[in-house]
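Asker: One structure follows; several queries about it will come next.
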Amino acid sequence: MKSALVAVLGTLLLLVGVALLVLPGPGLLLVLAGLLVLASRFPKVERYVDPVRDQAMKAAEQSVSSPLRIAWSVLAGLALIGAGVLWGLNPDFPLGGWSTGSSLMLSGVVLFVLLVWSYRRVHGRRSEA
3 MKSALVAVLG TLLLLVGVAL LVLPGPGLLL VLAGLLVLAS RFPKVERYVD
53 PVRDQAMKAA EQSVSSPLRI AWSVLAGLAL IGAGVLWGLN PDFPLGGWST
103 GSSLMLSGVV LFVLLVWSYR RVHGRRSEA
């Protein structure tokens with residue numbers, strides 16, 4: 003039962019992560035999370051974790067590599083939250099309503115959380131060196 007639950011959760015995270023690679027959201031990190039969950043129960047999956055982790059960490063470092071990138075990321079987060087409010091308030095929009103709006107707003111909030119995490123990780127490592 004536990005293996006089945008881990009398989010379902012890991013696969014769900016992996017599939018959502020793959021979808022978010024092309025949609026707004028933290029796709030690579032969800033792919034990594036899905037692989038980590040699956041690797042906890044299925045050792046053969048572990049060989050995929052390190053390459054995805056490396057790519058996710060590179061993307062995190064690149065996202066805060068310059069003030070211009072940080073500014074664009076903040077603007078993207080604000081745009082996602084604003085679009086989420088618009089979609090939530092206008093059910094006549096394509097896929098309009100709060101289900102789409104809340105997912106857009108959540109993507110914006112997650113972007114801010116990941117931006118702060120990336121900034122602290124990169125600049126914390128620089129100050130230690």
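Residue numbers for the sequence shown follow the working numbering, so the first one is 3 and each next one is one higher. Glycine is no exception: its CB is placed at the ideal position from the N, C-alpha and C atoms.
1) Decide if residue 77 is buried, meaning its Cβ has at least 16 other Cβ atoms within 10 Å, or exposed.
2) Quick one: what does DSSP say residue 97 is sitting in, helix, strand or coil?
3) Just to confirm my understanding: we take residue 72, look at its own chain, exclude 5 residues before and 5 after, and list those with CB closer than 6 Å. What are they?
4) Can you tell me whether residue 135 is helix, strand or coil according to DSSP?
5) Between which two residues does the alpha helix (DSSP H) carrying residue 60 extend?
6) Counting along the chain, where does the alpha helix (DSSP H) carrying residue 68 start and finish?
7) Work out the CA separation of residue 94 and residue 125 for me, nearest whole Å.
8) Give me the residue from 21, 115, 30 with the minimum Cα distance to residue 60.
Answerer: On the basis of the data shown:
1) Stepping through the sequence shown from its first residue, residue 77 is reached at position 75. The residue in question, residue 77, is exposed, as its Cβ has fewer than 16 Cβ neighbours within 10 Å.
2) As a first step, residue 97 must be located in the sequence shown, where it is residue number 95. Coil at residue 97, not helix or strand.
3) Here the question's residue 72 lines up with position 70 in the sequence shown. Hits under 6 Å: 66.
4) Outside the shown range of the chain (3 to 131) lies residue 135, about which nothing can therefore be said.
5) Residue 60 sits at position 58 when you count from the first residue of the sequence shown. Element bounds for residue 60: 51-65.
6) Mapped onto the sequence shown, residue 68 falls at position 66. No alpha helix (DSSP H) holds residue 68; DSSP gives it neither H nor E.
7) The residue given as residue 125 occupies position 123 in the sequence shown. The residue given as residue 94 occupies position 92 in the sequence shown. Going from the Cα of residue 125 to the Cα of residue 94 covers about 44 Å.
8) Reading the sequence shown from its first residue, position 58 is the one you call residue 60. Looking at the Cα atoms, 30 is the closest of the given residues.
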